[in-house]
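Residue numbers (the numbering used here): 1121 to 1221.
Using N, Cα and C, we set each Cβ at its ideal position, and we do this for glycine too.
Worksheet: one structure, shown below.
Below you can see the structure in the form of structure tokens.
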């Protein structure tokens, strides 16, 4: 039976930036996961590969656009045709700078 456990976050002391900078950067690039940097044992900063950051930002923009459309649809008094719905979704996605296919 497979368990649905989340992967543990990557945690490193902030001094690794000074002593093992290339290793930390390589780990961020290879894993595409944020690395939590601790200062005196307390989480202080997050280091993330730029491509992973941009992908996460894109997912957040898409989620917000879809959530906005869902809320708007829930409180819309009249029904829309498929064409009207597609046109409105394209407008919403355009506001967020996304392509609606």
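Same chain, Cβ closer than 8 Å to residue i, five either side skipped, listed in chain order
i, result
"residue 1136", "1143, 1144 and 1157"
"residue 1186", "none"
Cα-Cα separation between residue i and residue j, rounded to whole angstroms
i, j, result
"residue 1127", "residue 1196", "40 Å"
"residue 1193", "residue 1181", "18 Å"
Short CB-CB distance (under 8 Å) between residue i and chain C
i, result
"residue 1164", "Among the chains of the structure shown, chain C does not appear; only one protein chain is present."
Cutoff 7 Å; reference residue i; Cβ partners in own chain excluding five residues on either side
i, result
"residue 1121", "Here the model assigns residue 1121 a pLDDT of 48, short of 50, so the residue's position is not dependable and the matter cannot be decided."
"residue 1151", "1130"
"residue 1189", "1209 and 1212"
Candidates the options: closest to residue i by CA position
i, options, result
"residue 1153", "1159, 1129 and 1161", "1129"
"residue 1218", "1193, 1149, 1194 and 1183", "1183"
Nearest-angstrom Cβ-Cβ length linking residue i and residue j, presumed shorter than 8 Å
i, j, result
"residue 1173", "residue 1134", "Going by Cβ atoms, the distance from residue 1173 to residue 1134 rounds to 19 Å, so no, they are not a contact pair."
Identified DSSP bridge partners for residue i
i, result
"residue 1144", "Answer is none; residue 1144 lacks a bridge partner."
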